[in-house]
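Presented below is the structure to which this report refers.
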Amino acid sequence: MAAICPHWRGHPETQGGALPPLVNDAAYNIRRLRAEFSDRTVESHFNRHQLPRTQAQVRLALLFCATFYVAFAITDIMALGPGNDALILFLGRVAVAVSALISCLMTYWYPHSVRRIWLGASITEIIGMAAFMLVVIYRPTETPWHAMAMSIMALVVYIYIPNRVAYAVPIGVISTSVFVGIVIYQGRLSGTEQLTMIMLLVLSNGFGCMAAHRYALIRREEFRVQSFLKNLSERDPLTGCHNRRYLQQELLNMELSRARRFKLSLAVVICDIDHFKSVNDTYGHPAGDAVLITFANLLRSMTRESVDSVIRYGGEEFLIVLPETDLTGAVQLAERMRTALISSGTEVAPDTIVGVTASFGVTAVDFALVEQRFAQELLVDTADRLLYAAKSSGRNNVKSVEFFGRDSATLHARRAAA
Ligand SMILES: Nc1nc2c(ncn2[C@@H]2O[C@H](COP(=O)(O)OP(=O)(O)OP(=O)(O)O)[C@@H](O)[C@H]2O)c(=O)[nH]1
Numbered sequence: 007m008a009a010i011c012p013h014w015r016g017h018p019e020t021q022g023g024a025l026p027p028l029v030n031d032a033a034y035n036i037r038r039l040r041a042e043f044s045d046r047t048v049e050s051h052f053n054r055h056q057l058p059r060t061q062a063q064v065r066l067a068l069l070f071c072a073t074f075y076v077a078f079a080i081t082d083i084m085a086l087g088p089g090n091d092a093l094i095l096f097l098g099r100v101a102v103a104v105s106a107l108i109s110c111l112m113t114y115w116y117p118h119s120v121r122r123i124w125l126g127a128s129i130t131e132i133i134g135m136a137a138f139m140l141v142v143i144y145r146p147t148e149t150p151w152h153a154m155a156m157s158i159m160a161l162v163v164y165i166y167i168p169n170r171v172a173y174a175v176p177i178g179v180i181s182t183s184v185f186v187g188i189v190i191y192q193g194r195l196s197g198t199e200q201l202t203m204i205m206l207l208v209l210s211n212g213f214g215c216m217a218a219h220r221y222a223l224i225r226r227e228e229f230r231v232q233s234f235l236k237n238l239s240e241r242d243p244l245t246g247c248h249n250r251r252y253l254q255q256e257l258l259n260m261e262l263s264r265a266r267r268f269k270l271s272l273a274v275v276i277c278d279i280d281h282f283k284s285v286n287d288t289y290g291h292p293a294g295d296a297v298l299i300t301f302a303n304l305l306r307s308m309t310r311e312s313v314d315s316v317i318r319y320g321g322e323e324f325l326i327v328l329p330e331t332d333l334t335g336a337v338q339l340a341e342r343m344r345t346a347l348i349s350s351g352t353e354v355a356p357d358t359i360v361g362v363t364a365s366f367g368v369t370a371v372d373f374a375l376v377e378q379r380f381a382q383e384l385l386v387d388t389a390d391r392l393l394y395a396a397k398s399s400g401r402n403n404v405k406s407v408e409f410f411g412r413d414s415a416t417l418h419a420r421r422a423a424a
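Taking this note's numbering, the leading residue of the sequence shown gets 7, the next gets one more, and so forth.
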């Protein structure tokens, strides 16, 4: 039975080692106004990448703000004296602290969710602003101090508490407007004082917005450069496939430990274009390159996006890692690839189509049966030996064997090569 599971998706966090999407101008465009990547996949990749830092920042920022918020209750009591008014303000301040605490706890309860961080931060900010409006209403004689506090709070919302710019800006602007409305309604400031206060608040909001916007852009620019370098070091520039370095340093270890942990099957296919040298010799190196690209595209188009990985293993040799796939499924796939390659061709010059065949070595390990540990190279070596067995027995065919660990692999590979 083929065990290819078309809907398999790794958890976002366990995909930590996964490559970001290929860097191209369109995918990594930043929408200047929103200060976010225009491509949603890239934006969510960016947010996942930032998640641990965002969680740490949000916890520190909210707890720091909540502590100060509650501490300022002393000034309520000093201004209003102990009584119902001070109690109402105190309850408002406690509500902010509770909301901040819950938002911090949410970063532990939902450690993979960026959206919940934004939700928690936004709700705490809104409750904080609402509680502050109560202070403004109950302590109407201290408007200049409130205006100063409002400026600081707006800056905190824009810059200090991590949030989407698209959420922070409306929260900052609306709460500042409500504050100005209350102050004008209270009518304790002269026209000149009101104008001065409004201009100062516009200034702090403007600077806050610009700083938040600039910070969001800078972080995305950094991410774009990092992704570009990661792609350079982990992808083959000709075909866009992963390169051998990525396979050996990250991918195979990650997939093997995942398969071992969940007792799943994992298949490895190595394939190599037959008589590729003669393509180069007959049509030239650029034509050979074009054939390699066709082959790589065919392999990629026949594997599951974000699940399987196609690696350019050598010159004209490709390795495919198929998670949650047993030997039967992998052999079926290799056969489909082999026949698809026969019926495809590459136009290397006007009216010149080059057709090639390929040989395949396939192996799979079922961790429900194999408990012993083995070096990742052993699995790849087994597939490689099967490839050479396929080459020796006339090319354009598929050789396979189940991998049972060190000894059985050698035994089976020898048997298959015989
Ligand atoms: N065009 C092109 N050729 C490459 C590239 N990398 C390796 N090659 C060529 O691939 C060819 C591999 O030749 P061989 O190893 O003899 O294999 P083959 O001719 O395919 O023969 P079999 O594998 O035994 O069927 C060599 O001529 C290399 O120069 C590349 O990036 N582009």
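Beta carbons: idealized from backbone N, C-alpha and C, even for Gly.
Practice problem: Write down every uninterrupted run of the beta strand (DSSP E) in the segment 329-406 whose length is 3 residues or greater and which is fully enclosed by it, in chain order. | Solution: 352-355, 358-360, 364-372
Self-check item: Coarse secondary structure for F410, derived from DSSP in three states
Solution: As a first step, residue 410 is located in the sequence shown; it is residue number 404 there, counting from the start. Coil, per DSSP.
Exercise. Flag R401 as yes when its Cβ comes closer than 7 Å to any non-hydrogen atom of ligand 1, and as no otherwise.
Key: As a first step, residue 401 is located in the sequence shown; it is residue number 395 there, counting from the start. With a threshold of 7 Å, the Cβ atom of R401 counts as near ligand 1, since some heavy atom of the ligand is closer than that.
Quiz prompt | Exposure label - S365; buried when at least 16 CB within 10 Å | solution = The count along the sequence shown starts at 1 and reaches residue 365 at position 359. Buried, because 16 or more other Cβ atoms sit within 10 Å of the Cβ of S365.
Quiz item: Any idea what DSSP makes of F185, helix, strand or coil?
Solution: Locating residue 185 in the sequence shown gives position 179, counting from the first residue. In the displayed model, F185 falls within a helix according to three-state DSSP.
Quiz item: Mind checking whether the beta-carbon of G246 lies closer than 7 Å to any heavy atom of ligand 1?
Solution: Reading the sequence shown from its first residue, position 240 is the one you call residue 246. Because no heavy atom of ligand 1 lies under 7 Å away, the Cβ of G246 does not count as near it: no.
Quiz item: Apart from the five residues just before and just after I204, which ones in its own chain have a Cβ nearer than 7 Å to its Cβ?
Solution: The sequence position of residue 204 within the sequence shown is 198, counting from 1. Around I204: V186.
Quiz item: DSSP puts I426 in a beta bridge; with which residues?
Solution: Missing from the structure shown is residue 426; the chain here goes from 7 to 424 and no further.
Exercise. Could you tell me whether any non-hydrogen atom of ligand 1 is closer than 7 Å to the CB of L298?
Key: The sequence position of residue 298 within the sequence shown is 292, counting from 1. It does: the Cβ of L298 is within 7 Å (strictly closer) of some heavy atom of ligand 1.
Quiz item: Roughly how far, in whole angstroms, is the beta-carbon of T345 from the beta-carbon of I326, given that I think they are within contact range, below 8 Å?
Solution: By 1-based counting over the sequence shown, the position of residue 345 is 339. By 1-based counting over the sequence shown, the position of residue 326 is 320. Not confirmed; about 16 Å, so no contact.
Exercise. Closer than 8 Å by C-beta to K397: which residues in its own chain qualify, once you throw out the five before and the five after it? Chain order, please.
Key: Looking up residue 397 in the sequence shown gives position 391. Within the same chain, Cβ atoms closer than 8 Å to the Cβ of K397 are found at D278, D280, S365, the five residues on either side in sequence being excluded.
Practice problem: Output the boundary residues of the alpha helix (DSSP H) element that contains I165. | Solution: As a first step, residue 165 must be located in the sequence shown, where it is residue number 159. Where I165 is concerned, there is no enclosing alpha helix (DSSP H), given that its DSSP letter is neither H nor E.
Quiz item: For E330, is the beta carbon positioned less than 7 Å from some heavy atom of ligand 1?
Solution: On the sequence shown, residue 330 is found 324 positions in, with the first residue counted as 1. No, the Cβ of E330 stays beyond 7 Å of every heavy atom of ligand 1.
Quiz item: With distances taken from CA atoms, which of Y166, F52, G246, D91 is nearest R225?
Solution: Counting from 1 along the sequence shown, the entry for residue 225 is found at position 219. When only C-alpha atoms are compared, the closest one is F52.
Quiz item: Where does E256 sit, in a helix, a strand or coil, going by DSSP?
Solution: The residue given as residue 256 occupies position 250 in the sequence shown. Three-state DSSP puts E256 in a helix.
Practice problem: Identify whether E323 lies in helix, strand or coil by the three-state DSSP scheme. | Solution: The residue you call residue 323 lines up with position 317 of the sequence shown. Secondary structure of E323 (DSSP, three-state): strand.
Quiz item: Going by DSSP, which residues form a beta bridge with L272?
Solution: As a first step, residue 272 is located in the sequence shown; it is residue number 266 there, counting from the start. Beta-bridge pairing links L272 to P329, V371.
Self-check item: Same chain, Cβ closer than 6 Å to A79, five either side skipped, listed in chain order
Solution: Counting from 1 along the sequence shown, the entry for residue 79 is found at position 73. Answer for A79: F96, R99, listed in chain order.
Exercise. Run the CB neighbour count on I359, radius 10 Å, all protein chains shown included, and call it buried at 16 or more, exposed below.
Key: Within the sequence shown, the letter at position 353 stands for residue 359. I359 is exposed by the Cβ-count criterion.
Quiz item: What's the C-alpha gap between Q61 and G193?
Solution: Indexing the sequence shown from 1 puts residue 61 at position 55. Indexing the sequence shown from 1 puts residue 193 at position 187. Going from the Cα of Q61 to the Cα of G193 covers about 42 Å.
Practice problem: Verify the contact flag: K397, CB atom, against every heavy atom of ligand 1, threshold strictly below 7 Å. | Solution: Here residue 397 is taken as the residue at index 391 of the sequence shown, counted from 1. For ligand 1, at least one heavy atom lies less than 7 Å from the Cβ of K397.
Self-check item: Bridge-paired residues (DSSP) for R318
Solution: One-based indexing of the sequence shown puts residue 318 at position 312. Paired residues: N249, F324.
Quiz prompt | Cβ separation of A160 and T182, assumed to be a contact under 8 Å, to the nearest whole Å | solution = Position 154 of the sequence shown holds residue 160. Position 176 of the sequence shown holds residue 182. About 6 Å separates the two Cβ atoms, so the contact holds.
Practice problem: Rounded to whole angstroms, what's the CA-CA distance from M343 to N403? Just pull it up for me. | Solution: Here residue 343 is taken as the residue at index 337 of the sequence shown, counted from 1. Here residue 403 is taken as the residue at index 397 of the sequence shown, counted from 1. C-alpha separation (whole angstroms): 11 Å.
Quiz item: In whole angstroms, what is the alpha-carbon distance linking Q378 and F410?
Solution: Locating residue 378 in the sequence shown gives position 372, counting from the first residue. Locating residue 410 in the sequence shown gives position 404, counting from the first residue. Their backbone Cα atoms lie some 9 Å apart in a straight line.
Exercise. On the DSSP bridge assignment, give the partners of C277 in chain order.
Key: Along the sequence shown, read from residue 1 onward, the residue named residue 277 stands at position 271. Paired residues: F324, F366.
Quiz item: Hey, T369 and V407: beta-carbon distance below 8 Å or not?
Solution: Here the question's residue 369 lines up with position 363 in the sequence shown. Here the question's residue 407 lines up with position 401 in the sequence shown. Yes.
Practice problem: Pair every Cβ in the segment 237-246 with every Cβ in the segment 55-69, then say whether three or more of these pairs are closer than 8 Å. | Solution: no
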